[in-house]
Amino acid sequence: MDRVQGKMTTRPSGRVFAVGRRQRGFTVVELVVVILLIGILSANTIPRFFSLNQFDEMGFADAVLSATRYAQKLALASRCDTRVRVHPGGYELRQRATSCTLGSFTRSVARAGGTVWDDPVPSGVTVGVLDVYFDAQGRPRDASSGTLYGSAQSVSVGTRTITIEPTTGYVHAG
Numbered sequence: 086m087d088r089v090q091g092k093m094t095t096r097p098s099g100r101v102f103a104v105g106r107r108q109r110g111f112t113v114v115e116l117v118v119v120i121l122l123i124g125i126l127s128a129n130t131i132p133r134f135f136s137l138n139q140f141d142e143m144g145f146a147d148a149v150l151s152a153t154r155y156a157q158k159l160a161l162a163s164r165c166d167t168r169v170r171v172h173p174g175g176y177e178l179r180q181r182a183t184s185c186t187l188g189s190f191t192r193s194v195a196r197a198g199g200t201v202w203d204d205p206v207p208s209g210v211t212v213g214v215l216d217v218y219f220d221a222q223g224r225p226r227d228a229s230s231g232t233l234y235g236s237a238q239s240v241s242v243g244t245r246t247i248t249i250e251p252t253t254g255y256v257h258a259g
């Protein structure tokens, strides 16, 4: 209580509240509804962005592509036949055991780190079959008969396709 010229006042002079202005902000109900909508949307969309099968498929397809390219380059550089075998269980690179041009493909091809080019297929990834070897000129041949291929050879890894061109042995993803 203040005394101003003999009068008693119960509130300070001047405006305490801004009359005519609207309060700004959200109600608790609005916030709860927005949080529920965000939760429902994220539960439905986040698994689509983070599906591990797609990443496993892309990674394995890239590994098969790299291994096949490496086999072709190794055959050219070493002048030794190098086999690539892709099947539903995985892929492997092998060279002839006794001679560069004779014998069975039983010698594993080593990577730079000491491991071998031999990897299994990740679960959930579908893989076709390809069995080819590259001769000393880098040309693809049928692994069972040894004949040169007259057409491109392909293998599917999930939704991707890896193709080997017949004359040059060029390996690419299509």
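If you're matching positions, the sequence shown starts at 86 in this note's numbering and goes up one per residue.
All residues carry an ideal CB built from backbone N, CA and C; glycine is no exception.
Alpha carbon of residue i to alpha carbon of residue j, nearest angstrom
i: Y218; j: D227; result: 7 Å
i: T252; j: P225; result: 8 Å
i: V114; j: I123; result: 14 Å
i: P132; j: S241; result: 25 Å
i: S193; j: S230; result: 21 Å
i: H172; j: T130; result: 33 Å
i: R196; j: L121; result: 52 Å
i: D147; j: F140; result: 11 Å
i: S151; j: S127; result: 36 Å
i: S239; j: V118; result: 52 Å
i: G235; j: L159; result: 22 Å
i: S184; j: G144; result: 33 Å
i: H161; j: I125; result: According to the sequence provided, residue 161 is Leu. The question's His does not apply to it. Distance between the alpha carbons of L161 and I125: 56 Å.
i: T112; j: E142; result: 47 Å
i: S189; j: L233; result: 18 Å
i: D204; j: L116; result: 51 Å
Residue range of the alpha helix (DSSP H) that includes residue i
i: A128; result: V113 to F134
Run of the beta strand (DSSP E) containing residue i, from where it starts to where it stops
i: S236; result: Per DSSP, S236 belongs to no beta strand (DSSP E) and is neither H nor E.
i: P251; result: No beta strand (DSSP E) contains P251, which DSSP labels as neither H nor E.
i: R170; result: T167 to H172
i: R226; result: P225 to D227
Backbone secondary structure at residue i - three-state DSSP
i: T153; result: helix
i: D216; result: strand
i: G175; result: strand
i: A160; result: helix
i: A148; result: helix
Beta-carbon spacing of residue i, residue j below 7 Å
i: G243; j: T191; result: no
i: Q157; j: G223; result: yes
i: R245; j: A237; result: no
i: T153; j: V256; result: yes
i: I247; j: V149; result: yes
i: G175; j: V206; result: yes
i: L178; j: W202; result: yes
i: D216; j: R170; result: yes
i: G198; j: N138; result: no
Open item on the list: Could you tell me which whole alpha helix (DSSP H) segments of length 4 or greater appear in the segment 178–211?
Closed with: Contiguous alpha helix (DSSP H) elements confined to the segment 178–211 do not occur, taking only those with 4 or more residues.
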